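Worksheet: one structure, shown below.
In the numbering used here, the protein residues as written are 1055 to 1479.
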């Protein structure tokens, strides 16, 4: 074996030794590393997320969907028959309360007004005549009462004269029997007595005729009670004896009032010919054209007020228990990418038997008219504010038969049972 052959063999052995050494070193290193990693894994602590619990105020909410609707709506209809003369607004135009929307012709009504005015003047003339008749009748009653008083005095005077004449006649008759007077004197006295008696009876008859309608029995027949005071009695006699003239006067007054009422009706109809908006709002609909004939109750315009709108939501009966008027509401309109503030205003007292829901109306300001009736909305109603509430994420809660959380003390975790009062999104 030569030197080069020995050298080649020695080199081969050296390579094998070096390779074996590398393999052994690598295996040892891998084994050592594996053992070290196991130790590291065994000694590494569990990674957890912690947070500090603080008391804070939370708001319990009821979330739902809603539909935007107008708050006020006015359907304007015609109150008279006529032809549309002019139209001053178009659909979509903003209008104010009292603004003129359209005009209906009033020519026929103006003619009726002239006729009614003439009837009023005629009725007023008849009233003046009736009042004058009543005044004259009262004067006649006054004169009659004076005539009755005078007739009563005359009747009393004639009665006294008759009594005196009768006494004288009796005395003369006694004297005649005694021979104190002649038969001629007695006959003359008797003739005078009959004359006085006739005058008395005539005066009595005239008085009885004169007091017809002025007797106590006339007061009773008229349905009154005779007053004790003479002046009030005379007032009753005046009332009773001018009843017909008073009735004519009342009828004339009624005709005047009827004529005035007719004029008021016509004037009202003329005013109604000017169609005006009863509310502030927007013209949502127009159903007439110029020249078109309309009659009573024909719908002309629809006005809606959208300065304030309702968001109407249907809430189930479980949520309704916590809903009250005045509660604040957050309203989100996805189409506008905007959020508005509102409050609960009206809660329907009736629950739908099929859906078990009731309408809740939420009022919302809409000054810029960005909210349109029919829009979709999402509402969040603040139903309860809970102060000093302790809140934790649901992910930190361990739930089995009971609920518990882990509390960290001195880097050590301890399990603690808790009571859940509310669960909120």
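Ideal Cβ positions, reconstructed from N, Cα and C, are used throughout, including at glycine.
All values derive from a computational prediction rather than experimental measurement.
Residues bridged to residue 1303 [DSSP beta-bridge criterion]: The beta-bridge partner set that DSSP reports for residue 1303 is empty.
7 Å Cβ cutoff met for residue 1356 and residue 1380: Residue 1356 places its beta carbon 7 Å or farther from that of residue 1380.
Sequence-distant residues of its chain with Cβ nearer than 7 Å to residue 1330 (five each side left out): Same-chain partners within the cutoff: 1152, 1153, 1154, 1155.
Compute the Euclidean distance between the alpha carbons of residue 1162 and residue 1353, then round it to the nearest angstrom. Cα to Cα, residue 1162 sits roughly 22 Å from residue 1353.
Is there contact between the region 1257 to 1268 and the region 1203 to 1210, where contact requires at least three CB pairs shorter than 8 Å? Result yes; three or more Cβ-Cβ pairs closer than 8 Å.
Does the separation of the CB atoms of residue 1364 and residue 1125 fall below 7 Å? Yes, Cβ-Cβ distance for residue 1364 and residue 1125 is below 7 Å.
Quick check on residue 1267: buried or exposed, where buried means 16 or more other Cβ atoms within 10 Å of its Cβ? Exposed is the call here.
How big is the Cα-Cα spacing for residue 1524 and residue 1458? As shown, the chain starts at 1055 and ends at 1479. That puts residue 1524 outside it, with no answer to give.
Alpha helix (DSSP H) segment containing residue 1254, residue limits: From DSSP, the alpha helix (DSSP H) with residue 1254 extends over 1237 to 1264.
Looking only at its chain, what residues have a beta carbon closer than 8 Å to the beta carbon of residue 1360, apart from the 5 residues adjacent to it on each side? Spatial neighbours of residue 1360 in its own chain (CB-CB distance under 8 Å, excluding positions within 5 residues in sequence) are listed in chain order as 1124, 1125, 1335, 1336, 1420, 1423, 1425, 1426, 1427.
Between which residues of its own chain and residue 1307 is the CB-CB distance below 7 Å, once the five residues before and five after are set aside? So the list reads 1181, once near-sequence residues are dropped.
Residues near residue 1474 in its chain [Cβ-Cβ closer than 7 Å; skip 5 each side]: 1457, listed in sequence order.
Residue 1291 (DSSP reduced to helix, strand or coil): When DSSP states are grouped into helix, strand and coil, residue 1291 belongs to the helix group.
I need the straight-line Cα distance from residue 1446 to residue 1110, nearest angstrom please. Computed Cα separation, rounded: 11 Å.
Using three-state DSSP, classify residue 1386 as helix, strand or coil. Strand at residue 1386.
Return the residue from the list 1470, 1472, 1471, 1461 that minimises the CA-CA distance to residue 1103. Per the Cα distances, 1461.
If we count the other Cβ atoms within 10 Å of its Cβ and call it buried at 16 or more, is residue 1346 buried or exposed? By the 10 Å Cβ count, residue 1346 comes out exposed.
Does the beta-carbon of residue 1118 have 16 or more other beta-carbons within 10 angstroms, so that it is buried, or is it exposed? Within 10 angstroms of the beta-carbon of residue 1118 lie 16 or more other beta-carbons, which makes it buried.
Measure the C-alpha to C-alpha separation of residue 1470 and residue 1396 and round it to an integer number of angstroms. Each residue's Cα considered, the two are about 42 Å apart.
Out of 1385, 1191, 1238, which has the shortest C-alpha to C-alpha gap to residue 1298? Selected option, being the one with the closest Cα: 1191.
Skipping 5 residues on each side, what residues in its chain have a beta carbon closer than 7 Å to that of residue 1390? For residue 1390, where only same-chain residues beyond five positions count, the Cβ hits under 7 Å are 1424.
Nearest-angstrom Cα distance between residue 1467 and residue 1108? If you take the alpha carbons of residue 1467 and residue 1108, they lie about 19 Å apart.
Counterpart residues of residue 1370 in DSSP-defined beta bridges: Paired residues: 1411.
Taking 6 Å as the limit between beta carbons, can you name the residues of its chain near residue 1287, skipping five residues before and five after? Closer than 6 Å at the Cβ level, and outside the excluded window around residue 1287, lie 1281.
Tell me the DSSP secondary structure of residue 1218 in three-state form. Of the three classes helix, strand and coil, the one that applies to residue 1218 here is helix, per DSSP.
Three-state class that DSSP yields for residue 1315 in the structure shown: Helix, per DSSP.
Residue nearest to residue 1239 in terms of C-alpha spacing, selected from 1223, 1174, 1319: The shortest CA-to-CA distance from residue 1239 to any of 1223, 1174, 1319 is the one to 1223.
Taking residue 1196 as the reference, give the member of 1169, 1321, 1464, 1293 with the closest Cα. Nearest Cα to residue 1196 within the set 1169, 1321, 1464, 1293: 1293.
Report the CB separation of residue 1324 from residue 1160 in whole angstroms; it is logged as a contact under 8 Å. 5 Å between Cβ atoms; contact.
Compute the beta-carbon to beta-carbon distance between residue 1216 and residue 1250, rounded to the nearest angstrom, for a pair I have assumed lies under 8 Å. Their Cβ separation, rounded to whole angstroms, is 5 Å, which keeps residue 1216 and residue 1250 in contact under 8 Å.
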